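In case it helps, this note's numbering puts the sequence shown at residues 29 to 205. We put the beta carbon where it would ideally sit given N, CA and C, even for glycine. Keep in mind that this is a model prediction, so the values were computed, not measured. Okay, so here's the structure we're looking at.
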Amino acid sequence: ENIKSTFVSALQNLSIHTKLRQLIIKIQHSSQRLEKLSANCRLYNIDDLKPIQDVSTRWNSTHNMIERALTFTAASDKNLKNCVITDDNWNQLELIKGFLELFKEITVIMSGSKYSTLSTTIPLYNELITYTEEYLESEELTISNDFLKKTVEDCNRKLLEYYNKTNKFKDGSANNF
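Here you go:
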């Protein structure tokens, strides 16, 4: 299991991720709902973009799915939006999106093709590990974002697991690459 799937699995345990995916699927599979969303986007002067469904192997896709869904909250049909996701869930999705910002930035850096990324891998892992540890140790961890604690703990554990594998290569104890 990779870091992204560990994080998403923990989110699914909260059901927020699943609810958002269900909402997006409902919208994407109905031309009437897509048209209503487009009309509402025009009405509220919001870019007429389509909902994005995430891909299990990409951090950015989960971030982008949440970010796009949050831009549609003003334009969404209130009946459709509220039947699946509550206002508290929307607030939680905003916190998840905020947490994933650094992961998105680092993914973009590590996905670069015009420069070498190998030398940045360990420092970027260090940054993610520090980020998750500081999040967990934060005195500002409140009830509103406490729901993320287990998810961030799982993510931190998986980051450390992968990071510790680099020590095997550094020590020369890894047999196969």
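Minimum C-alpha distance to residue i - residue among the options
i	options	result
Ser-89	Asn-154, Asp-76, Lys-132	Lys-132
Lys-78	Ser-84, Thr-85, Ile-94	Ile-94
Phe-127	Glu-155, Gly-140, His-91	His-91
Ile-124	Leu-65, Ser-141, Ala-97	Ala-97
Val-83	Ile-52, Tyr-143, Asn-68	Ile-52
Asn-154	Thr-85, Ile-134, Gln-50	Ile-134
Phe-100	Arg-86, Trp-87, Asp-174, Arg-61	Arg-61
Ile-80	Ala-67, Lys-54, Asn-68	Lys-54
Ser-33	Ser-59, Asn-68, Arg-86	Arg-86
Leu-156	Ile-113, Val-136, Glu-63, Leu-130	Leu-130
Burial state of residue i (16 or more Cβ within 10 Å)
i	result
Asn-138	The amino acid occupying residue 138 in the given sequence is Met; Asn does not appear at that position. Exposed.
His-57	exposed
Thr-179	buried
Thr-160	buried
Asn-184	buried
Asn-195	exposed
Asp-182	buried
Lys-186	buried
Leu-65	buried
Tyr-163	buried
Leu-48	buried
Leu-176	buried
His-45	buried
heavy atom of the ligand SAH below 7 Å from residue i C-beta
i	result
Lys-125	For the ligand SAH, the structure offers nothing, since it holds no ligand at all.
Are the region 72-91 and the region 115-122 touching by the rule of at least three beta carbon pairs closer than 8 Å? no
Under 8 Å: do the region 187-194 and the region 150-160 share three or more Cβ pairs, one atom per stretch? yes
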